[in-house]
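Add 1 to the 1-based position in the sequence shown for the numbering used here, that's all there is to it.
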Amino acid sequence: MIAVITSCLQPIAVKSFFSFEERLQQTRLGLAKLERLDFDRSFLLDNSDLLNQTVLEDLLKDFKELEKYHGRQFQFGNKGLNEALLILNHLRHLPPDVPILKISGRYYPNEHFEFPNSGLFSRYDFIGIGENFDKRVSSFNTRAYFIKNKSVWETALVLAVEEILSYARGIHGLKSLFQSLAAFYKSSPGVPYQLSLEQALARVLKAQQNYLLINKTNIEGHVAGSAHIDFIQE
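Put into structure tokens, the structure is as follows:
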């Protein structure tokens, strides 16, 4: 199994309690904990506006085995869309036919973390925490989850991006029916709202029926973007 860490160490502007120095320190802590586990390879993908490949490698030079990739991209207001595009743009660096742990930067496995049984990937493409999967609006936790290989990941993320951008144009209830009728008579560019990546991935997985929901991934860290420090374990 390989580990893929998604990161935005230094965006132009971010509503977060944490400074760049704190975000870097938390990322280094997470990488150090991941380094102790038996991953075949580890990859860090970063789309920070204010960094480049050289600076990223220098900031994380202590992690010799970590494969680091920086990619500057346009930053949408939807952070999940940015993460999906970051992953899709760097999948070519990952080896094929290898299970993956995807984990967001600044989170890390705790002492209860375990690798899933490899036999599960003969039945499931995704393993992770889901919420309200028995309801119309559900979500799939993207802080940490397991994927069968990069091929199924690519397929799911492409579909998720399409869901993020197109969902608001569909009819999913009375309110969206009125919105669609209004748009029919007065068309305007763009969409009135977007799904989160968590919601979009849940829709994709439920349609494909290729997932296993678990109660915990056994990761922890500080919630990003909060107005105060929230330390979570899940």
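By construction, the Cβ of each residue, glycine as well, lies at the ideal position given by its N, Cα and C atoms.
- Residue state for aspartate 59 is assigned as helix, using DSSP reduced to three classes.
- Per the C-alpha coordinates, the member of Ala4, Pro97, Tyr109 positioned closest to glutamine 26 is Tyr109.
- Secondary structure at glutamine 234: strand, using DSSP grouped into helix, strand and coil.
- Burial of phenylalanine 147 is indicated by the presence of at least 16 other C-beta atoms within 10 angstroms of its C-beta.
- For serine 43, the enclosing beta strand (DSSP E) covers residues 43-47.
- In summary, histidine 113 is exposed, with fewer than 16 beta-carbon neighbours lying within 10 Å of its beta-carbon over all protein chains present.
- Beta-bridge pairing by DSSP links histidine 223 to Phe232.
- Nearest C-alpha to glutamate 36 among Phe127, Val138, Ile165, Asn111: Asn111.
- Measuring C-alpha to C-alpha distances from glutamate 66 to each of Asp231, Ser43, Pro100, Asn79 identifies Ser43 as the nearest.
- Nearest Cα to tyrosine 70 within the set Ser167, Asn133, Leu30, Cys9: Cys9.
- Glutamate 235 is positioned such that its CB atom lies closer than 9 Å to that of asparagine 142.
- If you draw a straight line from the Cα of phenylalanine 18 to the Cα of glycine 78, it comes to about 18 Å.
- Minimum Cα-Cα distance from leucine 45 among the listed residues Pro100, Leu214, Ala4 corresponds to Ala4.
- One thing to note: glutamine 200 has its Cβ within 9 Å of the Cβ of glutamate 164.
- For phenylalanine 21, the enclosing alpha helix (DSSP H) starts and ends at 21-36.
- Apart from sequence neighbours up to five positions away, the residues of its chain that approach lysine 151 with a beta-carbon distance below 6 Å are Leu92, Leu95, ordered along the chain.
- With a 10 Å radius around the Cβ and a threshold of 16 neighbouring Cβ atoms, glutamate 22 comes out exposed.
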